[in-house]
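Quick mapping for you: the protein sequence lines, in order, are chains A and B. So the working numbering is basically just the index in the first sequence, starting at one, shifted up by 76. So the working numbering is basically just the index in the second sequence, starting at one, shifted up by 124. Positions of the beta carbon are idealized from the N, C-alpha and C atoms, including for glycine.
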Amino acid sequence: MKVLFVAPYRQNDGWGASSRNWIKAISHNKNIQLAIRPIYYIPNTINIDQTILEYENSYYTSYDTVIQKVLPANLHINSSVKNIGILTVETCDWSNSRNILLLNKLDEIYVSTLTEKKHLEQSGIKTKISIVPEAIDTNIITNNKESDQLPIPSNIKRNFIFYCMAGPDPISNLDKIITAFHLAFDEQDSVSLLIKTDDQNNMKHIQELSKKIKETLRINKVYRNEIIVGRPDNETSIMSIHNTGNCFINLKSTDNFCKQTLIASYLGKTPIVMQNTGLADVLGKNGGIITKSVKSPLIMQNPPLMEEYDSYNSREFVYSPIILNLIENMQKIYTLYKADKKNYNNQMRIDNLTDYSFESIGAKICN
Amino acid sequence: MQLSCMTSSVINRTINSTINNILYDPCFSLVDHILYQLPYTFYILGNDKHTYNPHTNNVIVLNPDRYNFYDYRVFISHDIEKFTNPNHVGNIYHINSIIFIHHNKTYKKEDIHILNQQTEYKHKIFPDSILSTNMGSPNKSHILPLGIPTSIFTKSTDSSNRKLVAILDGGPLGQRIKNILTQNNLVCDTININSDMNIKVINHIFNQYKCIIDLSNYAHFNLICALASGSRGITLQNASITCPFIEQYPDINTLIQSIVHNKATDMDAVLNYIETNHNLDTFNSHMTNIIKQADQEVFLR
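In structure tokens, the structure reads:
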């Protein structure tokens, strides 16, 4: 079977990295002869490795299937082939969006989680929806050295470290994480909060956000400082953050699937995720702790890049964490740790990531 | 606006090997007409005013609200500086570009480096190796002299029945020449040939004059066409003009003096030169290959 894959895989961002993982997964399917072509949403690109370049240099006279990992509004339907769209469903209820018309013209849609599938079906999508998540490069975990940690002071290193990868935007719910952290623990607790952000500029904004929260809490004279790091998004750097932290928190309202949350769970970092999101499906009962959530309209600080993109408006909704439940969960995890420090990493985790390997995901594609 | 334009052009170019549509940025000169001879449809992103009409069936000037109704395969432009803007249409539509570089513009070394870096993945067509060398012989360069349609540019009027001189694309310098000639009681017209005219009409205009003076960036090409129409081709000295039949003079005075001397053009030698150096079939064949190559290559930014 000849497959053409179109995605922004040359981009130097998370979308690009995810697209490259898809290429690796598809190329593991021995029944597929793959050709790939890039599209670009941002001008910042990277050099791609030889194994991927090989598929970019592939030309076939005809194709059976076209797989697109693009924004819904950018989907192109070609009647001579089977059209598959890989979607990342970040918000609920797309029923008011023009994108529905395009999505219903696809032959098949891949989403990462059952929750995303439900959101699409409830929005009026009639196209067949299959759950085919993004693959995870398990070599990253195999090659990980636990001793490779962030260079932070030893007194903080001895603490139990809650950590998250978030920006100052409301969608990341970082304000709720900071608030809950300071409300959950007092001076006697040996805990710290580490925030990894992907932009150096965000570090300053996060510091301002934290200052503002502390001013409004009015519970202490002196508060703990958060550790804010603006490390680049490469794999080694991200693994060093997992190695440093003890409990990973991902409460981003638009994250239904997140590779880092799965890696954190596998490493025994007891992820805290949100009810009603795809991450709650993926982690199941034992992979992490689920915080209760409340539905609210999507209010974005910044409008979409182009007016024509009619997604991301307030007719859609997302979930936000219930802060009191988040406090309880943070305390619960810290208690769990204190009770059995040696065994902490084995208590709540997913046992293996083989379901997300390139081979497993590759086998699900065009099946 | 159709938001899938970039995806559709990437997919259609990969799935379908037939090239039909070229997105074209005209230079509003005779050069446009040479390209319109190629077997493609040329789409021009026009404006609401609809002022451009090149009088050929295979050119479509689009209103802004129709830009995204079509899939384009390749973008052709004559302005390399446009590519310093990352939002040029080639990038918007995710199609590969072909850039014609016709004349020797003096760029600083740093600017040449920037231009070459920003057009690393674009095909660049130079009329000769001198221009290509001046631009540092960049990646994806082609040396391709433009083809002259000698079936259209023909001598149909005898020199004795022609007016003395016409200046193409006057400008201030052309106006000065015209003033001096008029003061000396010599008839001089200023003519504006642009791609709004039918190419046959341009040949007809050339056939009305013994001498054609062109001081524009396209002088080399325009004057060879004028030669094919039986006129003398005259310009000021210019390193990028290599045709031996084009008369080049160091200054305006010498140029004006040359006009009054009746020089006959050796038509056989001119046609032989064109056949050897500006053969239309050779140009069309190479151009078609470059377009095919650009179309099939992966679009890289």
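Whole angstroms is fine: what's the gap from residue 191(B)'s alpha carbon to residue 404(A)'s?
57 angstroms
Given that a residue counts as buried once 16 or more other Cβ atoms are within 10 Å of its Cβ, and exposed if not, what is residue 286(A)?
buried
Confirm, please, whether the CB-CB distance from residue 189(A) to residue 207(A) is below 8 angstroms.
yes
Could you work out which residues of chain B lie near residue 144(A), taking near to mean beta carbons separated by less than 7 angstroms?
131
With DSSP run on the structure shown, which of helix, strand or coil describes residue 356(B)?
strand
Applying the criterion that 16 or more other CB atoms from any shown protein chain within 10 Å of the CB defines a buried residue, is residue 303(B) buried or exposed?
exposed
Partners in chain B for residue 151(A), counting only beta-carbon separations shorter than 7 angstroms:
128, 131
Tell me which same chain residues have a C-beta within less than 7 angstroms of the C-beta of residue 125(B), skipping the five on either side of it?
Low confidence applies here, because residue 125(B) scores a pLDDT of 42, under 50, leaving its location unreliable; read the following figure in that light. Only 192 meet the Cβ criterion.
Assess, as a yes-or-no matter, whether the region 344-352 of chain B is touched by the region 393-405 of chain B under the definition of 3 or more beta carbon pairs within less than 8 angstroms.
yes
Short of 7 angstroms in beta carbon distance, which residues of its chain neighbour residue 236(B), apart from the five on each side in sequence? Order them along the chain.
259, 260
Contacts that residue 210(B) makes with chain A (C-beta to C-beta distance below 9 angstroms):
119
Spell out a yes or no on whether the region 161-168 of chain B and the region 376-396 of chain B are touching, meaning 3 or more CB-CB pairs, one atom from each, closer than 8 angstroms.
no
Backbone CA spacing between residue 179(B) and residue 411(B) [nearest angstrom]
22 angstroms
Does residue 199(B) get closer than 8 angstroms to chain A when you measure Cβ to Cβ?
no
Counting only Cβ pairs nearer than 8 angstroms, list the residues of chain A close to residue 218(B).
115, 116
Looking at the structure shown, is residue 94(A) part of a helix, part of a strand, or coil, going by DSSP?
helix
Contact between the region 256-274 of chain A and the region 226-235 of chain A (3+ Cβ pairs under 8 angstroms):
yes
If contact means a Cβ-Cβ distance below 8 angstroms, which residues of the region 234-264 of chain B contact chain A?
none
Interface residues of chain A around residue 422(B) at Cβ under 8 angstroms?
113, 114, 132, 133
Please classify residue 175(B): does DSSP put it in a helix, a strand, or coil?
coil
Under 8 angstroms between the Cβ atoms of residue 149(B) and residue 200(B)?
yes
Would you give the residue range spanned by the alpha helix (DSSP H) that residue 416(B) belongs to?
404-420
Using 10 angstroms around the beta-carbon of residue 375(A), count the other beta-carbons present and answer buried if the total reaches 16, otherwise exposed.
exposed
Quick one: list the residues of chain B neighbouring residue 82(A), beta-carbon separation under 9 angstroms, in chain order.
131, 134, 135, 138
Any beta-carbon of chain B closer than 8 angstroms to the one on residue 428(A)?
no
Just to confirm before moving on: does the CB-CB distance between residue 353(A) and residue 395(A) stay below 8 angstroms?
yes
Please give me, in chain order, every unbroken run of the beta strand (DSSP E) with length at least 3 that falls completely inside the region 281-329 of chain B.
287-292, 312-315
C-beta contact flag for residue 339(B) and residue 297(B) at 8 angstroms
yes
So, is residue 344(B) buried or exposed, given that buried needs 16 or more other C-beta atoms within 10 angstroms?
buried
Where residue 157(A) meets chain B, residues with beta-carbon distance less than 8 angstroms
139
State the CB to CB distance for the pair residue 114(A) and residue 422(B), rounded to an integer number of angstroms; the pair is presumed to be in contact (CB under 8 angstroms).
7 angstroms
Check whether the Cβ of residue 425(B) lies closer than 8 angstroms to any Cβ atom in chain A.
yes
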